[in-house]
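Take 754 as the starting number for the sequence shown in my numbering and just add one per residue. Ideal Cβ positions, reconstructed from N, Cα and C, are used throughout, including at glycine. Below is one structure; the comments refer to it alone.
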Amino acid sequence: MVALNIDLTFMKKRRERQIQYEQSVLRDISYRTLKDGVEKHFGNFIFNGRPVIGSTIEEICYDMAIEAYLAGSRYSRLGYYGEPQESVFQKSAGERTVLGKELADYFFRWQLESLVPEDEFLETCQLYIDEWWIRGFQNGKMKYKLRIH
Numbered sequence: 754m755v756a757l758n759i760d761l762t763f764m765k766k767r768r769e770r771q772i773q774y775e776q777s778v779l780r781d782i783s784y785r786t787l788k789d790g791v792e793k794h795f796g797n798f799i800f801n802g803r804p805v806i807g808s809t810i811e812e813i814c815y816d817m818a819i820e821a822y823l824a825g826s827r828y829s830r831l832g833y834y835g836e837p838q839e840s841v842f843q844k845s846a847g848e849r850t851v852l853g854k855e856l857a858d859y860f861f862r863w864q865l866e867s868l869v870p871e872d873e874f875l876e877t878c879q880l881y882i883d884e885w886w887i888r889g890f891q892n893g894k895m896k897y898k899l900r901i902h
C-alpha cells in the first residue's frame, strides 16, 4: 500500500511541475500575437460567407496554436540537451500532423466555403501548427537555458 501512495504523490508532483512550467511558457504569448498568426495564415479564407477573422472558428485557431506551442515547449528539453531542432521537429511529426488535421477538420465541420482546394487548406493548417510549435520550442529552450522554469 505504501508504494501506491508514493507513486501517486510522485505523479501528482510531476503534474504540478508540468502545469507550472506550462504557465510560465504561456506568459510569453499575447492575444495580439495569436490574432496576428490567424490573420497571417487564414485571413483570405471565407467561413459561411464571412471571413474567418472575427468568427468563432478564430478561437479554435487560438486553442490549436496554444496546443502546438505547448507541444513545442515540451520538446524543447531535448533541444536544451543538445539535440538539433530539425531532429526534434521530425520526432514530433506525428503529434504536429494530428494537430494540423484536427484544425482543418474544425474548419470543414463548420462548412468552410473557400476557393482553395482541401489539400492546400490542410497544408496551410499544418504550416500554422508548425510555426507555433517552433515558437514554443525556441521559447522553451530559452527558458531552460536561463533556468526560468
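Legend entry - 6 angstroms CB neighbourhood of Asp781 in its chain, flanking five on each side removed: Asn892
Inset, instruction - Return the residue from the list Thr877, Tyr833, Met895, Asp872 that minimises the CA-CA distance to Cys814. - result: Thr877
Legend entry - Met764 classed as buried or exposed, judged by whether at least 16 other C-beta atoms fall within 10 angstroms: exposed
Legend entry - Beta-carbon gap between Ile810 and Phe890 smaller than 8 angstroms: no
Inset, instruction - Work out the CA separation of Asp789 and Lys896 for me, nearest whole Å. - result: 24 angstroms
Inset, instruction - Compute the distance between the beta-carbons of Gly832 and Trp886, then report whether it is under 8 angstroms. - result: no
Inset, instruction - State buried or exposed for Asp883, treating a residue as buried only when at least 16 other CB atoms are found within 10 Å of its CB. - result: buried
Legend entry - Cβ-based neighbour list, Ile772, same chain, cut-off 6 angstroms, excluding 5 preceding and 5 following: none
Legend entry - C-alpha gap between Val841 and Gln776, whole angstroms: 22 angstroms
Legend entry - Residues near Met754 in its chain [Cβ-Cβ closer than 8 angstroms; skip 5 each side]: Note that Met754 scores 48 on pLDDT, short of 50, meaning its location in the model is unreliable and no value can be drawn from it.
Legend entry - Beta-carbon contacts of Val791 that lie in its chain and below 6 angstroms, excluding the five residues immediately before and after: Glu811, Cys814
Inset, instruction - Tell whether a beta-carbon distance below 8 angstroms holds between Gly853 and Leu823. - result: no
Legend entry - Assigned exposure category for Arg888 - 16 Cβ within 10 Å defines buried: buried
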